[in-house]
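Numbering (our numbering), first residue to last: 123 to 507.
Using N, Cα and C, we set each Cβ at its ideal position, and we do this for glycine too.
These numbers come from a predicted model, not from an experiment.
#1: Flag this pair as yes or no: are the beta carbons of residue 399 and residue 446 separated by less than 9 Å?
#2: Can you give me the C-alpha to C-alpha distance between residue 331 and residue 468, rounded to a whole angstrom?
#3: Give the straight-line distance between the Cα atoms of residue 72 and residue 229, rounded to the nearest whole angstrom.
#4: In angstroms with no decimal places, state the Cα-to-Cα distance between residue 325 and residue 184.
#5: How far does the beta strand (DSSP E) with residue 294 in it extend, from its first residue to its last?
#6: Between 320, 167 and 199, which has its C-alpha nearest residue 252's C-alpha?
#7: Could you give the C-beta distance for residue 378 and residue 402, rounded to a whole number, given that I count them as a contact under 8 Å?
#8: Since residue 215 contacts residue 268 with CB under 8 Å, what's their CB separation in whole angstroms?
#9: Is the CB-CB distance between residue 387 and residue 457 below 9 Å?
#10: With a CB to CB cut of under 8 Å and the five nearest residues on each side skipped, what residues in its chain are close to residue 462?
#11: Can you confirm whether the segment 235-249 touches the segment 151-162 when touching is taken to mean that 3 or more C-beta pairs between the two stretches lie within less than 8 Å?
#12: Assign residue 335 to one of three DSSP states: helix, strand, or coil.
#13: Using 10 angstroms around the beta-carbon of residue 212, count the other beta-carbons present and answer buried if the total reaches 16, otherwise exposed.
#14: Any contact between the segment 310-326 and the segment 253-272? By contact I mean 3 or more CB pairs, one from each, below 8 Å.
#15: Ignore the nearest five residues each way along the sequence and tell me which others in residue 414's own chain have a CB closer than 6 Å to its CB.
#16: Going along the chain, which residues of its own chain have a beta-carbon closer than 8 Å to the beta-carbon of residue 134, five neighbours each way excluded?
#17: Thinking C-alpha only, which one of 392, 427 and 348 is nearest residue 404?
#18: Three-state secondary structure (DSSP) at residue 454?
#19: Is residue 134 helix, strand or coil when you go by DSSP?
#20: Would DSSP call residue 222 helix, strand or coil?
#21: Secondary structure at residue 474, three-state DSSP: helix, strand or coil?
#22: Whole angstroms are fine: how far does the CA of residue 327 sit from the CA of residue 416?
#23: Do you know how far the Cα of residue 223 is from the Cα of residue 265?
#24: So if DSSP puts residue 377 in a beta bridge, which residue, or which two residues, is it bridged to?
#25: Select from 396, 304 and 385 the residue whose C-alpha is nearest the C-alpha of residue 356.
#26: Taking the C-alpha atoms as reference points, what is the distance between residue 163 and residue 478?
#27: Mind checking which residues open and close the alpha helix (DSSP H) that includes residue 247?
#28: If residue 232 and residue 188 are in contact, beta carbons under 8 Å, what's the gap, nearest whole angstrom?
#29: Hey, residue 271 and residue 148: beta-carbon distance below 9 Å or not?
#30: Is the Cβ-Cβ distance between residue 348 and residue 299 less than 9 Å?
#31: So is residue 354 buried or exposed if we call it buried at 16+ other beta carbons inside 10 Å?
#32: In terms of residues, what are the limits of the alpha helix (DSSP H) holding residue 345?
#33: Would you decide whether residue 242 is buried or exposed? Buried here means 16 or more other CB atoms lie within 10 Å of its CB.
#34: Give me whichever residues DSSP pairs with residue 443 in a beta bridge.
#35: So what does residue 448 bridge to, in DSSP terms?
#36: Does DSSP classify residue 418 as helix, strand or coil?
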């Protein structure tokens, strides 16, 4: 059971140079909390299908988690007054963070290995979807703790962002992050398609009219979300309008209210059928082989297919969300919801308990509603009698 779930406000006091910037306090907390988070998700990994657990990639991920847990547990009985132990702990935190850099693509490769060898069935697909949402959310939370400690106490302050508190910006300029995401996605789009849609951005600060659009947030999380959405919107727009060579702009509306910061991105990329919306967030459906460096002709706007589900987890991590609304034949609206108040931005953490265990062990019964086929029928093949 988790002993602690961070609210954004709880991280703010730990500012470099302030009397609260106590490496000892962080050390005492993390040596208790990190083993809990690591052990919980390791327990869930063990509940995956045996054939998935035997894939080389999943075994590699497991070995990383085992090694990291052992390294943190080595500090369990170290004195918090031992400055040498505290400095060594910070070095260990940085080493663990770097070790886990490739967890997402490696686990994705494991799913591909399993899928290619054993195929997929609805029950396994449902369990893997449930697990990966929880596994990647756990990774986001663990990485947040590792980053906060290493950025605050690792001895390297980012000169480009001196006011950041670890990875948190107490005055995150939402418009600036969105424009940055657009420019980088545009650069990729221009390289591959030789053109790109323009950006039309509108903002409304209903909470404090006339003031900049700012919230307490992790800029890298917001950037990850909008960069992914821009790539998807640009690719859809360029391919849907390829014959016309006229590319409608991408519209972004940002609104800051008393409770929510909302970012709506609208494209005219043709949209997708309603029945396919859920697939866009399905790891088993969308997983593609690891992009190879040597395949230079592959579009840089496509990859593992994990962009949307991971982006949704980033949004949900601090109690927000990411939703898609599509008009087939016209375009898609993607909406990001972020808590406007840091006091409400509390970590959303998976808890390993009996309910979670039962989810993996339950035999999913047949649906008690009429379920149509997943693909539309070609009615021209049916003849009247």
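If we stick to the structure as given:
#1: Numbered from its first residue, the chain shown carries residue 399 at position 277. Numbered from its first residue, the chain shown carries residue 446 at position 324. Yes.
#2: Here residue 331 is taken as the residue at index 209 of the chain shown, counted from 1. Here residue 468 is taken as the residue at index 346 of the chain shown, counted from 1. Cα-Cα distance, rounded: 26 Å.
#3: The requested residue 72 does not occur in the structure, where the chain is confined to residues 123 to 507.
#4: Looking up residue 325 in the chain shown gives position 203. Looking up residue 184 in the chain shown gives position 62. The alpha-carbon atoms of residue 325 and residue 184 are separated by roughly 45 Å.
#5: On the chain shown, position 172 is the one that residue 294 refers to. Taken as a continuous stretch (DSSP letters only), the beta strand (DSSP E) holding residue 294 covers 291-295.
#6: Taking the first residue of the chain shown as 1, we reach residue 252 at position 130. Comparing Cα-Cα distances from residue 252 to each of 320, 167 and 199, the minimum goes to 167.
#7: Taking the first residue of the chain shown as position 1, residue 378 is located at position 256. Taking the first residue of the chain shown as position 1, residue 402 is located at position 280. That belief does not hold up - the Cβ atoms of residue 378 and residue 402 are roughly 27 Å apart, past 8 Å.
#8: As a first step, residue 215 is located in the chain shown; it is residue number 93 there, counting from the start. As a first step, residue 268 is located in the chain shown; it is residue number 146 there, counting from the start. Indeed, because the Cβ distance is near 5 Å, the residues count as touching under 8 Å.
#9: Sequence index remark: in the chain shown, residue 387 carries index 265 (1-based). Sequence index remark: in the chain shown, residue 457 carries index 335 (1-based). Result yes, Cβ atoms of residue 387 and residue 457 sit closer than 9 Å.
#10: Start at 1 with the first residue of the chain shown, and residue 462 comes out as number 340. For residue 462, where only same-chain residues beyond five positions count, the Cβ hits under 8 Å are 329, 337, 378, 379, 380, 381, 382 and 383.
#11: no
#12: Along the chain shown, read from residue 1 onward, the residue named residue 335 stands at position 213. Note: residue 335 maps to coil in three-state DSSP.
#13: On the chain shown, position 90 is the one that residue 212 refers to. Residue 212 should be labelled buried.
#14: no
#15: Your numbering for residue 414 matches position 292 in the chain shown. The pLDDT assigned to residue 414 is 46, lower than 50, so where the model puts this residue is not dependable, and the model offers no usable value.
#16: Numbered from 1 along the chain shown, position 12 holds the residue referred to as residue 134. Note that residue 134 has pLDDT 46, beneath the 50 cutoff, so the model's placement of it is unreliable and the number below is only indicative. So the qualifying residues of the chain are 287, 290, 292, 338 and 464.
#17: Here residue 404 corresponds to residue number 282 of the chain shown, with the count starting at 1. Answer by Cα proximity: 427.
#18: Numbered from its first residue, the chain shown carries residue 454 at position 332. Here residue 454 sits in strand by DSSP.
#19: Residue mapping note: residue 134 aligns to position 12 of the chain shown, counting from 1. Here residue 134 scores only 46 on pLDDT, less than 50, and its place in the model is too uncertain to base an answer on.
#20: Within the chain shown, numbered from 1, the residue matching residue 222 stands at position 100. In this structure, residue 222 counts as coil in the three-state DSSP scheme.
#21: If you number the chain shown from 1, residue 474 lands on position 352. Three-state result, residue 474: coil.
#22: The residue you call residue 416 lines up with position 294 of the chain shown. The residue you call residue 327 lines up with position 205 of the chain shown. Caution applies to residue 416, whose pLDDT of 39 falls short of 50 and renders its modelled position unreliable; the value that the coordinates give is listed next. Their Cα atoms are separated by approximately 46 Å.
#23: Position 143 of the chain shown, counted from the start, is the residue given in the question as residue 265. Position 101 of the chain shown, counted from the start, is the residue given in the question as residue 223. Answer to the nearest angstrom: the Cα atoms are 9 Å apart.
#24: Here residue 377 is taken as the residue at index 255 of the chain shown, counted from 1. Answer is 326 and 384, bridged to residue 377.
#25: Your numbering for residue 356 matches position 234 in the chain shown. Ranking the options by Cα distance to residue 356, first place goes to 304.
#26: For the purposes of this step, residue 163 is identified with residue 41 of the chain shown, where counting begins at 1. For the purposes of this step, residue 478 is identified with residue 356 of the chain shown, where counting begins at 1. Residue 163 and residue 478: Cα-Cα distance of roughly 11 Å.
#27: Mapped onto the chain shown, residue 247 falls at position 125. Start and end: 244-275.
#28: By one-based count along the chain shown, residue 232 stands at place 110. By one-based count along the chain shown, residue 188 stands at place 66. At roughly 16 Å, the Cβ-Cβ gap does not stay under 8 Å, so residue 232 and residue 188 are not in contact.
#29: Numbered from 1 along the chain shown, position 149 holds the residue referred to as residue 271. Numbered from 1 along the chain shown, position 26 holds the residue referred to as residue 148. Result yes, Cβ atoms of residue 271 and residue 148 sit closer than 9 Å.
#30: Along the chain shown, one-based indexing puts residue 348 at 226. Along the chain shown, one-based indexing puts residue 299 at 177. A contact, by the Cβ cut-off of 9 Å.
#31: As a position in the chain shown, residue 354 is number 232, starting the count at 1. Under this definition residue 354 is a buried residue.
#32: Translated into positions along the chain shown, residue 345 becomes position 223. That run of the alpha helix (DSSP H) goes 341-362.
#33: Along the chain shown, read from residue 1 onward, the residue named residue 242 stands at position 120. The residue in question, residue 242, is exposed, as its Cβ has fewer than 16 Cβ neighbours within 10 Å.
#34: Residue 443 sits at position 321 when you count from the first residue of the chain shown. Answer is 459.
#35: Position 326 of the chain shown holds residue 448. 454.
#36: By 1-based counting over the chain shown, the position of residue 418 is 296. Any reading at residue 418 needs caution, since the residue's pLDDT is 41, under 50, leaving its predicted position unreliable; the model's value is listed next. Three-state result, residue 418: coil.
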